[in-house]
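Quick mapping for you: the protein sequence lines, in order, are chains A and B.
1 is the number of the first residue of the first sequence in this note's numbering; add one for each residue after it.
1001 is the number of the first residue of the second sequence in this note's numbering; add one for each residue after it.
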Amino acid sequence: METNWRLTPGSKLTWHSWGSEHLVFNENSGATHLLPLEATKALQSLAAEPQTITQLHDAILETSDKSMPHPSTEWLEELLKQFQQLGLSQLVSE
Amino acid sequence: MKLSNLSYDATASKLTTDGLRLRTGPFITSIRTHTPELTAGLQLLYADHILKEDAEFADFHIGVDRPRNLRRWLHPQIFFYFDEVAPFNPFPSEQALPLFEWGLNWAISQHAHQYLIIHAAVIEKDGHAVIMPAPPGSGKSTLCAGLVHNGWRLLSDELTLLDLHSGQAIPLARPVGLKNDSVEVIRHFAPQATLSPMTVDTHKGAVALMKPPADSVEKSDQPAHPAWVIFPKYIAGAAATLTPHSKAEACIALGDNAFNYSIHGVNGFNLLTNMLDHCDCYDFSYSNLSDAVSIFSQLEPPA
């Protein structure tokens, strides 16, 4: 059974966007991150509720431009690991 | 009363007793020294700054003096004191003037947390400010010195103070530090500029300080709204060129260049993002100051 990912408990994120540029400020770490669109969608989806990689992938595709290349589940898995290193996300079992 | 109204002897007397209190932007700085080089340097570079009463509250208590041991006479050294404590190793005594400037920058950047403090030059014209963050060697100070003698007002060459509530840039008109070849460049480009004697063999090379224009000092109570964030870079032989710069990347760079971004947390983030909503951002490469002045004169504030 696929494991859920979630936003790190207690996270407080503040967003700001200019067109296709998305910034998020993580109050837990004090760090500001510049994210590509798909990463922004993934983090915002996780902020809404814990999800598996498959669910996250589906959520991203749902709002993506169908004519553009879409991210793979492998990319998404790597992204979540990067979020984990930044203290933004974690596996639900953690 | 301005410092220029005080004689050398009267200035030295204050500096060696209770301290000379100078208004430097939003701060009052009390300075004590027995060093003739610093006394003369202050008289030259801070001539237009306002003197405050001896008993007035001072935000910073700065001292620059020789130690009371052999190094007072043998290869003489000099210490920077903040609240009577020496936070740095001693410097060669001939570096008293640049040491005072570096030390005061340090004091402000480490303590004035009522502002978001960015390591950047900031200048103003017609109420609109340009913030210029840049690493050492990028030509920031040379560009700043050239512009403030050509229609722009100096708010600061080193420390951009952003008010957390209004988002305005707060003036801190103090001497502009010029290094190595930049000194001669400014001597020729702005012959009206007043420069201190050159101090050689500092950790930044040969340095001279440029007196802030009197008009900039007089308008020290007039903040300005940032309208542009420009990342300057001197490139030998390059044409003066403005290239649009991503606002998000500018925000990251400003945070990285801020001394106290982490202290302000989300308030610092909101301040920068709200400010950038109303700014245009550019990279600026240049090699010729006249061309740079021309390009800057054509800047149109964002709608």
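No residue lacks a Cβ here, since even glycine has one placed at the ideal position from N, Cα and C.
Determine whether the Cβ of residue i lies closer than 8 Å to any Cβ atom of chain B.
| i | result |
| --- | --- |
| L80 of chain A | no |
| T52 of chain A | no |
| L23 of chain A | yes |
| E38 of chain A | no |
| L86 of chain A | no |
| L56 of chain A | no |
| T14 of chain A | yes |
| T73 of chain A | no |
| G30 of chain A | yes |
| L34 of chain A | yes |
| W5 of chain A | no |
| E49 of chain A | no |
| E27 of chain A | yes |
May I ask you to report which of helix, strand or coil DSSP gives residue i?
| i | result |
| --- | --- |
| K1002 of chain B | strand |
| P1098 of chain B | helix |
| F1091 of chain B | strand |
| F1259 of chain B | coil |
| Y1046 of chain B | coil |
| D1221 of chain B | coil |
| T1142 of chain B | helix |
| T1017 of chain B | coil |
| Q44 of chain A | helix |
| T63 of chain A | coil |
| R1187 of chain B | helix |
| T3 of chain A | coil |
Per DSSP, residue i is paired with what?
| i | result |
| --- | --- |
| M1132 of chain B | B:A1121 |
| H22 of chain A | A:S17 and A:L35 |
| M1275 of chain B | Beta-bridge pairing links M1275 of chain B to no other residue. |
| H1061 of chain B | B:S1030 |
| L1161 of chain B | B:I1117 and B:I1170 |
| A1208 of chain B | B:L1178 |
| P50 of chain A | DSSP lists no partner for P50 of chain A. |
| K1233 of chain B | B:S1285 |
| T1241 of chain B | B:S1285 |
| L1022 of chain B | B:T1029 and B:L1051 |
Please tell me whether residue i has its Cβ less than 8 Å away from any Cβ of chain A.
| i | result |
| --- | --- |
| C1251 of chain B | yes |
| V1176 of chain B | no |
| F1269 of chain B | yes |
| A1248 of chain B | yes |
| G1167 of chain B | no |
| T1011 of chain B | no |
| G1025 of chain B | no |
| S1109 of chain B | no |
| T1273 of chain B | yes |
| V1229 of chain B | no |
| V1266 of chain B | yes |
| S1262 of chain B | yes |
| G1255 of chain B | yes |
Assuming residue i and residue j form a contact by the criterion Cβ under 8 Å, report the distance between their Cβ atoms to the nearest whole angstrom.
| i | j | result |
| --- | --- | --- |
| D1157 of chain B | G1177 of chain B | 7 Å |
| K1052 of chain B | R1032 of chain B | 14 Å between Cβ atoms; not a contact. |
| S1004 of chain B | D1048 of chain B | 7 Å |
| H1113 of chain B | I1263 of chain B | 6 Å |
#### Entry: Near-chain A residues of the stretch 1129 to 1161 of chain B - C-beta to any C-beta below 9 Å
none
Contact residues within the stretch 1197 to 1219 of chain B, judged by C-beta distance below 8 Å to chain A: none
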